[in-house]
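Chains as they are written, first to last, in the numbering used here: chain S, 2 to 431; chain L, 2 to 431.
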């Protein structure tokens, strides 16, 4: 028997095949019984006509419960009215297992209930769609950099020191030492750029933030490119081409998933480079008009980001943030030392910052001073300072958070549905 | 000025271009000076003829030290005798930075010294070659599964419970709870397979092993596919096609890197599926002939694996290991309950196990007993047991360790050179 996947049915019209999967739904009316079968690649209607199918199978049908595991054989027919466009004139039904009463029903469940059943909730069509978009985004991220001659240089997770500040660090015992879980591959990437010219790292990162917002995960994937000899402006060009590439590829390859998610795709079609660019001072003016509590010089909060991004139908760069609100390694503007050569990219529709980056300080003495000013321990950065001793070079890079990007492209209200098993403040199960 | 990368020089013959990079080597003889420039994508000889180039540049040349950062302009010439096949008739030299005396010289350095300078050591040609092969392997892993309809379902790093035994776990405080760093995405993958049919996860995993061997890293990347409705034998078929695909793609796309690494490629060309398969009992007989200390029923040590793999010029599967030496979730052979439906793949040339996997226990009651027999806490696995309550299904999968695979394909004597910043027992720096 030719066992096939539902997603491949179009290649088997007229053939007798076997499908293996789980009961999505059943319906009976006398001489005809309908089984909606899901196999992870799609859903197929299997039709059992009394007399046309094996009598034991017709009988056994009544035992089926939602999510029971079955093997079905039958003939593939084109049928426009069926989900997926094909159905099976079923002959046989083999029950592999009968499922206990399935906890997730079409009725409305609370978020907490669904999150506690995340291992089962993954089987639903909306979660399917979101995670398939996630897959497409991750693949397009790698293809973008691989196609432009970047070398993948994975950064370590265990690090002996903090990069982005110590208050949100996870710590573990690394034999006789203390290790911190990576918040960013940034510093390691700079060593990679000196070796390979254009590099990226892409892996999980960790922030122990005690905040329950719709934008924060404790554990999230981040891709970080770093380019030797690129300045702030080349960095923004790379970032806008990159974001355009991802969005347009999802639109092209995941149209069905965006339909399931009821995403407004017209808004996504507008995501084309170049993106607007605002100096921090210009953005601050915009914010001050709507948020009187904002003080010029401050970093932006979520509300402030939304004020700025609401003015545009494409993502918007804000550059030249005050050096005081950025990390120690950010290069300052030589013509305006209070400003940094930094840039964040704010997504449309209030999804906030999806990219943060900029040009790195490449002067050994200045970097040395910054490390002291930030109260960091010099010995933790001695290898990093070596990059300035041995052939220091101008370079820039950025980081893009995968889960926020998934939420934005899918139009999801909360990042918790953007990862298969999200880790949030107060949630590490299942 | 047209700024180009050395790897693209073939497209710019006869043009005046700018190269940016670092001094690899210099040589002077009167009226002619040679600069070997590296830019991360390759090495190019830049030739300064007195009279043909800018006089200040000819003068400045003498200041250059190894790894100084320079911008060079000149005309691209085909030159078979040059590294890379092209050279630059240089006109100008702009020095961006003069490097301090570079600590890594062509003389023999000890391993510890090189590992302490890993951030600089990455610039050398052998490390370049190994990490480019790593990149190709990682890309081919994703392409293999993406091309076969697998869905990427990333497993979490923070887990509330142990999967592969508690002795080698890293632990951290997750707010008010304890979290363990993932040793395997296996259990989560099974939920993914029930949702998507064919899935894989691919990310870093962690084992706190206090052992200094050439095969072990503390932090390593692992790819784990899981397939609904696949049995042990289909699992081995998938694994052998997968390994063949990776090896053949590296041979095809990374020939130059394998040459730098002096890899015996004839041995790699033989890595073609199908691979030989030995029942554990057959493998045990082979081992007993050469290692009298081995006891039938034991797991294999490194020496035992080498005895078995030395009999073959392709990787060899050993299947049906005693259930007692395998994890609780491994299904037992229904016709021989002391054996498990497990399979490991041993690489050629003594590189040891690169794949471990098998068919999973899909019977709720049996799994329940195993959890108790292994002294595990039932509540930690309640979600995992749900997968057997709601539509349990036969399924199999495996895990492949990236760094060991890189060591094997590159022919490296030790896994420490297979990751950009390897984490070993006693080493977390840089």
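Ideal Cβ placement from N, Cα and C applies to all residues, glycine included.
Practice prompt. With a 10 Å radius around its C-beta and 16 neighbouring C-beta atoms as the bar for buried, classify residue 423 of chain L as buried or exposed.
Written response: buried
Worksheet item: Quick one: which chain S residues come within Cβ less than 7 angstroms of residue 393 of chain L?
Response: 70, 98
Discussion item. Just list the residues that DSSP pairs residue 446 of chain S with in beta bridges.
Written reply: Shown here, chain S extends from 2 to 431; a query on residue 446 of chain S therefore has no answer.
Worksheet item: Between the region 49 to 56 of chain L and the region 81 to 101 of chain L, do at least 3 Cβ pairs fall closer than 8 angstroms?
Response: yes
Worksheet item: Along the region 136 to 149 of chain L, what residues have a CB closer than 7 angstroms to any CB found in chain S?
Response: 136, 139, 140, 143, 147
Worksheet item: If you draw a straight line from the alpha carbon of residue 122 of chain S to that of residue 288 of chain S, how long is it in whole angstroms?
Response: 40 angstroms
Practice prompt. Quick one: residues in its chain with C-beta nearer than 8 angstroms to the C-beta of residue 303 of chain L, no 5 flanking neighbours on either side, listed in chain order?
Written response: 214, 216, 353
Practice prompt. Mind checking the region 164 to 185 of chain S against chain L and listing, in chain order, the residues whose C-beta falls within less than 8 angstroms of any C-beta there?
Written response: 171, 172, 173, 174, 175, 176, 178, 180, 182
Discussion item. Would residue 332 of chain L and residue 361 of chain L be called neighbours here (beta carbons separated by less than 8 angstroms)?
Written reply: yes
Worksheet item: Cβ of residue 16 of chain S within 8 angstroms of Cβ of residue 76 of chain S?
Response: yes
Fill in: Those runs of the alpha helix (DSSP H) which lie wholly inside the region 255 to 305 of chain L and span at least 4 residues
256 to 261, 266 to 270, 281 to 291
Discussion item. Applying the 10 Å Cβ sphere with the 16-neighbour rule, what's the burial state of residue 142 of chain L?
Written reply: buried
Discussion item. Between residue 293 of chain S and chain L, is the shortest Cβ-Cβ distance under 8 angstroms, so that the two count as touching?
Written reply: no
Fill in: Proximal chain L residues relative to residue 430 of chain S, where beta-carbon distance stays under 8 angstroms
161, 384
Worksheet item: Hey, does residue 233 of chain S have any beta-carbon neighbour from chain L nearer than 8 angstroms?
Response: no
Fill in: DSSP three-state assignment for residue 54 of chain L, whether helix, strand or coil
coil
Worksheet entry | 4-residue-minimum alpha helix (DSSP H) runs that sit fully inside the region 105 to 161 of chain S, ordered along the chain | 112 to 117, 119 to 122, 126 to 147
Worksheet item: Along the region 42 to 73 of chain L, what residues have a CB closer than 7 angstroms to any CB found in chain S?
Response: 42, 68, 69, 70
Practice prompt. Could you spell out where the alpha helix (DSSP H) holding residue 196 of chain L opens and where it closes?
Written response: 187 to 197
Worksheet entry | residue 84 of chain L, DSSP secondary structure in three states | helix
Worksheet item: Ordered along the chain, which non-local residues of its own chain (more than five positions away) have a Cβ less than 8 angstroms from that of residue 297 of chain L?
Response: 282, 285, 289
Discussion item. Is it buried or exposed, residue 378 of chain L, if we count other Cβ atoms within 10 angstroms and call 16 or more buried?
Written reply: exposed
Item to complete: Give the secondary structure of residue 97 of chain S by DSSP, where H, G and I count as helix, E and B as strand, and everything else as coil.
Response: strand
Worksheet entry | DSSP bridge partner residues for residue 242 of chain L (one or two, in chain order) | Partner(s): none; residue 242 of chain L has no beta bridge.
Worksheet item: Can a CB atom of chain L be found closer than 8 angstroms to the CB of residue 325 of chain S?
Response: no
Worksheet item: Below 8 angstroms between beta carbons: does that hold for residue 180 of chain L and residue 169 of chain L?
Response: no
Worksheet item: So, residue 27 of chain S versus residue 65 of chain S, is the Cβ gap smaller than 8 angstroms?
Response: yes
Worksheet entry | Below-8 angstroms beta-carbon distance, residue 158 of chain L vs any chain S residue | yes
Item to complete: Please state if the CB of residue 68 of chain L and the CB of residue 85 of chain S are separated by a distance shorter than 8 angstroms.
Response: no
Item to complete: Spell out the partners DSSP gives residue 344 of chain S in its beta bridges.
Response: S:320, S:358
Discussion item. When you compare the region 191 to 208 of chain S with the region 216 to 228 of chain S, are there three or more beta-carbon pairs, one atom per stretch, that lie closer than 8 angstroms?
Written reply: yes
Discussion item. Looking only at its chain, what residues have a beta carbon closer than 6 angstroms to the beta carbon of residue 420 of chain L, apart from the 5 residues adjacent to it on each side?
Written reply: 404
Practice prompt. Identify whether residue 387 of chain L lies in helix, strand or coil by the three-state DSSP scheme.
Written response: helix
Worksheet item: What does a CB cutoff of less than 6 angstroms around residue 322 of chain L pick up in its chain, not counting 5 residues either side in sequence?
Response: 281, 341, 343
Worksheet item: DSSP on residue 308 of chain S, reduced to helix/strand/coil?
Response: helix
Fill in: chain S contact residues for residue 8 of chain L, given Cβ-Cβ distances below 8 angstroms
150
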